[in-house]
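**Student:** Mind looking over this structure? Questions follow.
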Amino acid sequence: MSLLLILSLVFLLSWNVAAAGDDDQQKAFVQCLSNSTSVASNISNIVYPSDNPSFSSILEFSIRNRRFDTPTTPKPLVIVTPRNVSHIQSAVLCAQSHNLQLRVRSGGHDYEGLSYLIQMSNITVDVANRTAWVQSGATVGQVYAQSTIQFAGVNGTTLDSLESRTPVKDVIYFKAKSDYVTKPIPDSAMDGLLKMMMQDGIEQPYVIFTPYGGKMAEIASNSIPFPHREGNLFKIQYLVYWKEDSEEVSNAHMKWIRDVYDYMGSYVSSNPRAAYINYRDLDIGENMNSSTGGNGTTAYQQAKVWGVKYFKGNFERLVKIKTAFDPTNFFSNEQSIPSLGAGKEGQTTSSNSSSSASAPSGDSDGGNNAGNETQSGDNNAGNGTQSGDVGQGDNNTNNNNNNGTQIGGVGQGDNGNSTTQTSASVVVRYGPRSYYYLVLLFLVLFI
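Sequence positions in the sequence shown follow mature numbering (1 follows the signal peptide of the UniProt record, and there is no 0) and run -20 to -1, 1 to 427.
And the structure:
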């Protein structure tokens, strides 16, 4: 049994009894960080142990889905909000030396609560080249606010719907799933889908059709990780929201969306039944050993179940990239690309962490291509909108998968009780834009 698995058990016990083990682990990690000269002077502003008065507010600040904010949701031992590269490096090294699992929180965009990166929200516009860089923590509202980024109507004016747009004030419960369609859906099937949409007791059901083709179809399916190109008519997003805090209501809505997904099985892609990574769905498979490093062969077989649905043939290449940069699978979550080199569970080294933390960008195909693309599709996904998805969703696949990684036991599974969430943990959030190369690194590690 690995050290990380042992820590998982200790963390589970700590929810039932006031075990000193968690406190000792927490103190040891904080002490390790305080030994770093770069962290020591700012430790009170970037390190928040679970007994810190600000711990809960920071933890809950970017939660977008109440399914992952329940009394039974596992919590991390420490939250770290680094402001520079050395802070990130110190957190990684200390976590490794104390056998703690790391997760990276993002802007709340991940549909299954696996990531948040709220501080990475800069938007840089190059008017001359007509391009924009949108960091992974930026929300759609922040993109809209940029005066040089406007979504124009047919006559060149800003759409009325954007001018009158108001943000959703309440955090609600939701679940989403996705499909790709390669041939027209019969009218009779659409009639059946409409009947399911009208089912009593389902508060806010949605089925969103996003047309594909055009320029997207001209790009080779293996040019970047996003493979869903030529041959796809459109993408479907199944989405359901509800507000009532009730297990019965939650179960009813979860059953509804899964029933809809099952019903549509005969009318969508197959072998594999493809899915969109930005609409994260743990129902299609997850890594059971993500908190322990996992055996390389076992981890690969588990991940391939869902990996080929998101990435098709590109999954194999992503595994090679991950193995090269993170051979022990130190950076992992329920749907992170596995490392074939993870032979002994939980064994990591400081040298591995150091080299990972300083690597500029990783493989140019798996890291730079995805990392250098705008991530607005990821933000759109988090807000349930479609703008920018068709044009950029291909590249966001990798970005969101980067976001789809969290440091610590904060990442929740589909029902908030995934086994990988029970490990002693640390949450790290990134700082300013000047550290993009670290984002590119984590992109490679977590895809």
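Each residue gets a CB set at the ideal place from its N, CA and C atoms; glycine is no exception.
Which residues in the same chain as His78 place their Cβ atom closer than 7 Å to its Cβ, once the five residues preceding and following it in sequence are excluded?
**Tutor:** Locating residue 78 in the sequence shown gives position 98, where the first residue counts as 1. Taking C-beta separations shorter than 7 Å and ignoring five residues to either side along the sequence, the partners of His78 in its chain run Gln5, Ala8, Phe9, Cys12, following chain order.
**Student:** Give every residue of the same chain whose Cβ lies closer than 7 Å to the Cβ of Phe291, excluding the five residues on either side of it in the sequence, and list them in chain order.
**Tutor:** Taking the first residue of the sequence shown as position 1, residue 291 is located at position 311. Contacts found: Pro205, Pro207, Leu298.
**Student:** Hey, is Ser70 close to the ligand FAD, as in C-beta under 7 Å from one of its heavy atoms?
**Tutor:** For the structure depicted, the ligand FAD is absent and the ligand set is empty, with no information on it obtainable.
**Student:** Among Val72, Tyr243, Thr277, whose alpha-carbon lies nearest the alpha-carbon of Ile165?
**Tutor:** Walking along the sequence shown from the start, residue 165 turns up at place 185. Per the Cα distances, Tyr243.
**Student:** Using 8 Å as the threshold, is the C-beta distance between Ser30 and Leu57 below it?
**Tutor:** Sequence index remark: in the sequence shown, residue 30 carries index 50 (1-based). Sequence index remark: in the sequence shown, residue 57 carries index 77 (1-based). Yes, Cβ-Cβ distance for Ser30 and Leu57 is below 8 Å.
**Student:** Where does Ser158 fall in DSSP's three states?
**Tutor:** Locating residue 158 in the sequence shown gives position 178, counting from the first residue. The answer is strand: DSSP assigns Ser158 an E or B state.
**Student:** Out of Gln282, Gly293, Lys289, Val288, state which residue places its alpha-carbon closest to the alpha-carbon of Leu320.
**Tutor:** Walking along the sequence shown from the start, residue 320 turns up at place 340. Of the candidates Gln282, Gly293, Lys289, Val288, the one whose C-alpha sits nearest the C-alpha of Leu320 is Gln282.
**Student:** Please work out which residues of its chain come closer than 7 Å, Cβ to Cβ, to Ala337, disregarding the five sequence neighbours upstream and downstream, and give them in chain order.
**Tutor:** Within the sequence shown, the letter at position 357 stands for residue 337. With a pLDDT of only 30 at Ala337, under the threshold of 50, the placement of this residue in the model should not be trusted, and no figure is reported.
**Student:** Between the C-alpha atoms of Ala197 and Trp222, what's the straight-line distance to the nearest angstrom?
**Tutor:** By one-based count along the sequence shown, residue 197 stands at place 217. By one-based count along the sequence shown, residue 222 stands at place 242. Ala197 and Trp222: Cα-Cα distance of roughly 36 Å.
**Student:** Going by DSSP, name the residue or residues bridged to Pro153.
**Tutor:** Here residue 153 is taken as the residue at index 173 of the sequence shown, counted from 1. Checking the sequence, you will find Tyr at residue 153 rather than Pro. Trp222, per the DSSP bridge assignment.
**Student:** Considering only residues of the region 209 to 295, which uninterrupted alpha helix (DSSP H) runs meet the minimum length of 4 residues and lie entirely inside it, listed in chain order?
**Tutor:** 227 to 243, 276 to 291
**Student:** Cβ atoms of Phe311 and Leu82: under 8 Å apart, would you say?
**Tutor:** Here the question's residue 82 lines up with position 102 in the sequence shown. Here the question's residue 311 lines up with position 331 in the sequence shown. Closer than 8 Å, so yes.
**Student:** Going by DSSP, name the residue or residues bridged to Asn45.
**Tutor:** On the sequence shown, position 65 is the one that residue 45 refers to. Bridge partners of Asn45: Ile152.
**Student:** Using the beta-carbon count (16 or more within 10 Å), is Leu219 buried or exposed?
**Tutor:** As a working note, residue 219 is residue 239 in the sequence shown. Looking at its Cβ environment, which holds 16 or more other Cβ atoms inside 10 Å, Leu219 is buried.
**Student:** Could you give the C-beta distance for Pro252 and Lys289, rounded to a whole number, given that I count them as a contact under 8 Å?
**Tutor:** Residue mapping note: residue 252 aligns to position 272 of the sequence shown, counting from 1. Residue mapping note: residue 289 aligns to position 309 of the sequence shown, counting from 1. Their Cβ separation, rounded to whole angstroms, is 5 Å, which keeps Pro252 and Lys289 in contact under 8 Å.
**Student:** For Met177 and Val161, which I take to be in contact (beta-carbon distance under 8 Å), what is that distance rounded to the nearest angstrom?
**Tutor:** As a position in the sequence shown, residue 177 is number 197, starting the count at 1. As a position in the sequence shown, residue 161 is number 181, starting the count at 1. About 17 Å separates the two Cβ atoms, so there is no contact after all.
**Student:** Cα separation between Glu228 and Tyr153?
**Tutor:** Against the sequence shown, residue 228 aligns to sequence position 248. Against the sequence shown, residue 153 aligns to sequence position 173. Between Glu228 and Tyr153, the C-alpha separation is close to 13 Å.
**Student:** For a test of the three-state rule: what should DSSP assign to Ala200, helix, strand or coil?
**Tutor:** Position 220 of the sequence shown, counting from 1, holds the residue named residue 200. Reduced to three states, the DSSP call for Ala200 is coil.
**Student:** Can you tell which of Ser14, Lys163, Ser201, Pro185 has the C-alpha that lies nearest to the C-alpha of Gly293?
**Tutor:** Residue numbering aside, residue 293 sits at position 313 when the sequence shown is read from its first letter. Nearest of Ser14, Lys163, Ser201, Pro185 to Gly293, Cα basis: Ser201.
**Student:** How many Å lie between Lys155 and Ile237 at the Cα?
**Tutor:** Numbered from its first residue, the sequence shown carries residue 155 at position 175. Numbered from its first residue, the sequence shown carries residue 237 at position 257. Their Cα atoms are separated by approximately 8 Å.
**Student:** Can you tell me whether Ile103 is helix, strand or coil according to DSSP?
**Tutor:** By one-based count along the sequence shown, residue 103 stands at place 123. Strand at Ile103.
**Student:** By a C-beta neighbour count over all protein chains shown, 10 Å radius and 16 as the cutoff for buried, is residue 514 buried or exposed?
**Tutor:** The requested residue 514 is not part of the displayed model; the chain covers only -20 to 427.
**Student:** Which value, in whole angstroms, describes the spacing of the CA atoms of Asn231 and Gly172?
**Tutor:** Within the sequence shown, the letter at position 251 stands for residue 231. Within the sequence shown, the letter at position 192 stands for residue 172. When rounded, the distance between both Cα atoms is 22 Å.
**Student:** Considering only their Cβ atoms, is the gap separating Ser158 from Gln76 smaller than 8 Å?
**Tutor:** Residue numbering aside, residue 76 sits at position 96 when the sequence shown is read from its first letter. Residue numbering aside, residue 158 sits at position 178 when the sequence shown is read from its first letter. The answer is no: Cβ separation not under 8 Å.
**Student:** Specify the secondary structure class of Val10 as computed by DSSP and reduced to three states.
**Tutor:** Position 30 of the sequence shown, counted from the start, is the residue given in the question as residue 10. Of the three classes helix, strand and coil, the one that applies to Val10 here is helix, per DSSP.
**Student:** What residue does the alpha helix (DSSP H) around Phe35 start on, and which one ends it?
**Tutor:** Residue numbering aside, residue 35 sits at position 55 when the sequence shown is read from its first letter. Where Phe35 is concerned, the enclosing alpha helix (DSSP H) stretches over 35 to 40.
**Student:** Is it buried or exposed for Ala279, if we count other Cβ within 10 angstroms and need 16 for buried?
**Tutor:** Within the sequence shown, the letter at position 299 stands for residue 279. Result: buried.
**Student:** Should Ser271 be labelled buried (16 or more other beta-carbon atoms within 10 Å of its own) or exposed?
**Tutor:** Here residue 271 corresponds to residue number 291 of the sequence shown, with the count starting at 1. For Ser271, the predicted structure reports a pLDDT of 47, less than 50, and the residue's modelled location is therefore unreliable. A value from the coordinates is still provided. Buried: at least 16 other Cβ atoms inside 10 Å.
**Student:** Would you mind sorting Ser34 into buried or exposed? The rule is 16 or more other CB atoms within 10 Å of its CB.
**Tutor:** Here the question's residue 34 lines up with position 54 in the sequence shown. Exposed, since its Cβ has fewer than 16 Cβ neighbours within 10 Å.
**Student:** Closest to Gln184 by C-alpha separation, out of Ser168, His233, Glu40, would be which residue?
**Tutor:** Within the sequence shown, residue 184 is the residue found at index 204, counting from 1. With distances taken between Cα atoms, Gln184 lies closest to His233.
**Student:** Measuring only the C-alpha atoms, how far is Ser66 from Val19?
**Tutor:** Position 86 of the sequence shown, counted from the first residue, corresponds to residue 66. Position 39 of the sequence shown, counted from the first residue, corresponds to residue 19. Between Ser66 and Val19, the C-alpha separation is close to 8 Å.
**Student:** Within the same chain, show all residues whose beta-carbon is closer than 8 Å to that of Ser249, passing over the 5 residues directly before and after it, in chain order.
**Tutor:** As a first step, residue 249 must be located in the sequence shown, where it is residue number 269. The residues are Asp159, Tyr160, Val161, Thr162, Asn212.
**Student:** Taking all protein chains shown into account, do 16 or more other C-beta atoms lie within 10 angstroms of the C-beta of Gly181, making it buried, or fewer, making it exposed?
**Tutor:** Translated into the one-based positions of the sequence shown, residue 181 becomes position 201. With fewer than 16 other Cβ atoms inside 10 Å of its own Cβ, Gly181 counts as exposed.
**Student:** Taking the straight line between their C-alpha atoms, what separation do you get for Ser14 and Pro307?
**Tutor:** In the sequence shown, residue 14 corresponds to position 34, counting from 1. In the sequence shown, residue 307 corresponds to position 327, counting from 1. If you take the alpha carbons of Ser14 and Pro307, they lie about 28 Å apart.
**Student:** With Ile317 as the anchor, note down where its beta strand (DSSP E) starts and where it stops.
**Tutor:** Here residue 317 refers to the residue found at position 337 when the sequence shown is read from its first residue. Looking at the DSSP string, Ile317 is not in any beta strand (DSSP E), and its letter there is neither H nor E.
**Student:** To the nearest angstrom, report how far apart Pro191 and Phe214 are at their CA atoms.
**Tutor:** Walking along the sequence shown from the start, residue 191 turns up at place 211. Walking along the sequence shown from the start, residue 214 turns up at place 234. Rounded to whole angstroms, Pro191 to Phe214 spans 4 Å at the Cα level.
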